[in-house]
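Colleague: Shown below is the structure under consideration.
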Amino acid sequence: MDFTEFERIWSAVYGHPAWSVKKGHGSFLTLEFGPPSLRIREPGLASPDASEKVRELLGRRQVTVTGNWRLWIYCCNWSIELGGKEVAHNESPDDDITFAAQRLDGQKLLSVARGSTPSSWVFAFDLSGVLRTWPYDNDLSVEQWLLYERDSGDVLSVRADGLYSYGAGSRSPKDEVWEQM
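Residue numbering for the sequence shown follows full-length UniProt numbering, starting at 1 and increasing by one per position.
See the structure below:
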């Protein structure tokens, strides 16, 4: 992927405020961008050998709100800065992460660029917010962040080793093609 293709993907997101910025499982972060839309999963039938918990979950209608784009900060170190000062990182207490996420909420994404160290990234926002990511030390083949495009179903995934994959989110992991950026 050359810089032009990377910018084409991200240019549609630039200028949109982040919303529903929150901590997920562990230290994962999610940020929504673009107009909200309801995603409705209708109740379904579980297989006969499914647990009671699975049957209960499948028996309910699930409604979630998503943006045109979802940025998922996945398996990596990260920090959030406000006004040039770090306010939280991936190992901060939950309250600090919640505070930092709330301060990113509503800020417009201005740019996404490589950071100053290998495989690091900088997400810059309009009200002095900065989200930085860099790899864990142990596994360079894991995805650091993923950008989901709701309308196309495509996903841009970037790994700690500098490789990327871009294509249908419905692909099997074995069908993903990883290329140098």
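No residue lacks a Cβ here, since even glycine has one placed at the ideal position from N, Cα and C.
My output table needs one value for V54: the three-state DSSP class, helix, strand or coil.
Modeller: Looking up residue 54 in the sequence shown gives position 54. In this structure, V54 counts as helix in the three-state DSSP scheme.
Colleague: Along the alpha helix (DSSP H) that carries R8, what are the first and last residues, could you check?
Modeller: By one-based count along the sequence shown, residue 8 stands at place 8. Start and end: 3-11.
Colleague: Return helix, strand or coil for F33, following the three-state DSSP convention.
Modeller: Position 33 of the sequence shown, counting from 1, holds the residue named residue 33. If DSSP states are grouped into helix, strand and coil, F33 belongs with the strands.
Colleague: From H89 to Q107, what distance separates their C-alpha atoms?
Modeller: In the sequence shown, the residue the question calls residue 89 occupies position 89. In the sequence shown, the residue the question calls residue 107 occupies position 107. The alpha-carbon atoms of H89 and Q107 are separated by roughly 18 angstroms.
Colleague: Starting from the N-terminal side, write out each stretch of the beta strand (DSSP E) that is 3 residues or longer and does not extend beyond the segment 91-166.
Modeller: DSSP runs (the beta strand (DSSP E)) wholly in the segment 91-166: 109-114, 121-125, 129-134, 143-149, 154-159.
Colleague: Taking the CB atoms as reference points, tell me whether F6 and I73 lie closer together than 8 angstroms.
Modeller: Indexing the sequence shown from 1 puts residue 6 at position 6. Indexing the sequence shown from 1 puts residue 73 at position 73. The answer is no: Cβ separation not under 8 angstroms.
Colleague: For R70, which option in L147, R60, A46 has the closest C-alpha, if you only look at C-alpha atoms?
Modeller: Position 70 of the sequence shown, counting from 1, holds the residue named residue 70. Of the listed residues, the one whose Cα sits closest to R70 is L147.
Colleague: Is it buried or exposed, S165, if we count other Cβ atoms within 10 angstroms and call 16 or more buried?
Modeller: To locate residue 165, count along the sequence shown from 1; it is residue 165. The residue is buried, with at least 16 neighbouring Cβ atoms inside 10 Å.
Colleague: Using the C-alpha atoms, what's the distance from R41 back to V63?
Modeller: By one-based count along the sequence shown, residue 63 stands at place 63. By one-based count along the sequence shown, residue 41 stands at place 41. For V63 and R41, the distance between alpha carbons rounds to 6 angstroms.
Colleague: Less than 8 angstroms between C-beta atoms, sequence neighbours within five positions excluded: which residues of the same chain meet that for P43?
Modeller: Position 43 of the sequence shown, counted from the start, is the residue given in the question as residue 43. Result list for P43: L58, G59, R60, R61, in chain order.
Colleague: Roughly how many angstroms separate the alpha carbons of R114 and G129, rounded to a whole number?
Modeller: As a working note, residue 114 is residue 114 in the sequence shown. As a working note, residue 129 is residue 129 in the sequence shown. Cα to Cα, the separation comes out at about 16 angstroms.
Colleague: Per DSSP, which residues does P17 bridge with? Please list them.
Modeller: What you label residue 17 is simply residue 17 of the sequence shown in a count that begins at 1. P17 pairs with K108.
Colleague: With distances taken between CB atoms, is the gap from D154 to G169 smaller than 8 angstroms?
Modeller: As a first step, residue 154 is located in the sequence shown; it is residue number 154 there, counting from the start. As a first step, residue 169 is located in the sequence shown; it is residue number 169 there, counting from the start. Taking 8 angstroms as the Cβ cut-off, D154 and G169 qualify as a contacting pair.
Colleague: Compute the Euclidean distance between the alpha carbons of K174 and Q144, then round it to the nearest angstrom.
Modeller: Taking the sequence shown and counting its residues from 1, one reaches residue 174 at position 174. Taking the sequence shown and counting its residues from 1, one reaches residue 144 at position 144. About 18 angstroms.
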